[in-house]
Amino acid sequence: MQALRNEGSLKVSPDNFKQKILYMSSSSNNSDHGLFIAIAIIVAAWLLGGALVDFKKAGDTISVTGSAKRAIVSDLIIWRGELYSQQPTKQIAYDEVKQFTEQFEKFLKGNGVAATEYSFGSLNTNEIEEYDSNYRPTGRIRAYRMTRSFRVESQRVDEIAELALRAGDLVSEGVSLNSWQPEYIYTKLADLRVEMLAEATKDAQERAKAMVEATGAKLGDLRSAQMGVFQITQPHSTEVSGYGMYDTSTKDKDITAVAKVSFALDD
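As numbered in the working numbering, the sequence shown has no gaps in its residue numbers, which increase by one up to the final residue, 1268.
Encoded structure:
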């Protein structure tokens, strides 16, 4: 067995050390006293070398990354948008947004949306400046743009998603609105995290065991486990982020958990 010790760029094994000591002993008139010292040093070197090797083996670990993946279905939908009006005066803009709000609320109630499932934000007004032919501001206000946001949140995911697609019906009735893409949320993620972390850790253990047993060694006790970020993506997506990902664009999703685990190595 060659147990190498590193000291800078110098590598010395017990065999090499033995040869060097014997050479030193023979060059000292081969005295019994010198030979005794040489033998003692050789034995000490062997013992020390063996101790270093055993210590290194006892401290060896293997670190493996495991993962777990599940398909989930969103159980909450959030649909956002805004009603708006741009008119020469604030009053006209306000009156129009108020009318649009009433029409939109009628649209929601007529399609079975409960009052507890939707809400409106406060009015927001922006002044539109007037510019001359040289694109220089004249100091006058050309128009007022008034907006009011809305939010629909419900566990009736499919119904609200269909309703969002029909928002164009309001436009044909003269309602000015911007409709954003619905957000699909999975609300039981906190409960799922613990289960998936356990699955990812088990996957890491199986990977480590296969790697170690292929070399003739045995997998020892768990030394450490670190949970990585969760990736919630569209189905079959290959996107990942070092900070984690939460895609809300689709009802169906894939969730992937990652765990980095270290195990001791046994002889």
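Note that CB positions come from ideal geometry on N, CA and C, so glycine has one too.
Consult DSSP for residue i and reduce its assignment to one of helix, strand or coil.
i, result
"residue 1169", "helix"
"residue 1131", "strand"
"residue 1196", "helix"
"residue 1158", "helix"
"residue 1118", "helix"
"residue 1265", "strand"
"residue 1045", "The predicted model places residue 1045 with a pLDDT of 48, which falls under 50 and marks its position as unreliable, so this point remains unresolved."
"residue 1259", "strand"
"residue 1189", "coil"
"residue 1331", "Outside the displayed range of the chain (1002 to 1268) lies residue 1331, so it cannot be described from this structure."
"residue 1087", "strand"
"residue 1182", "coil"
"residue 1144", "strand"
"residue 1234", "strand"
"residue 1153", "strand"
Am I right that residue i and residue j are in contact with their C-beta atoms under 8 Å? What's the rounded C-beta distance?
i, j, result
"residue 1148", "residue 1083", "5 Å"
"residue 1075", "residue 1254", "7 Å"
"residue 1122", "residue 1086", "Actually they are not in contact, since the Cβ atoms of residue 1122 and residue 1086 sit about 15 Å apart, beyond 8 Å."
"residue 1080", "residue 1158", "Their Cβ separation, rounded to whole angstroms, is 10 Å, which puts residue 1080 and residue 1158 out of contact at 8 Å."
"residue 1105", "residue 1166", "Not confirmed; about 15 Å, so no contact."
"residue 1197", "residue 1071", "7 Å"
Buried or exposed for residue i, going by 16 or more other Cβ atoms inside 10 Å?
i, result
"residue 1078", "buried"
"residue 1262", "buried"
"residue 1259", "buried"
"residue 1257", "buried"
"residue 1089", "exposed"
"residue 1244", "exposed"
"residue 1232", "buried"
"residue 1175", "exposed"
"residue 1094", "buried"
"residue 1114", "buried"
"residue 1098", "buried"
"residue 1264", "buried"
"residue 1205", "buried"
Residue range of the alpha helix (DSSP H) that residue i falls in?
i, result
"residue 1111", "1091-1111"
Under DSSP, the beta strand (DSSP E) around residue i begins and ends at which residues?
i, result
"residue 1136", "That residue, residue 1136, is in no beta strand (DSSP E); it is neither H nor E in DSSP."
"residue 1222", "1219-1228"
"residue 1070", "1062-1074"
Is the Cβ of residue i closer than 7 Å to any Cβ of chain B?
i, result
"residue 1175", "Going by chain labels, chain B is absent from the structure shown, which holds only one protein chain."
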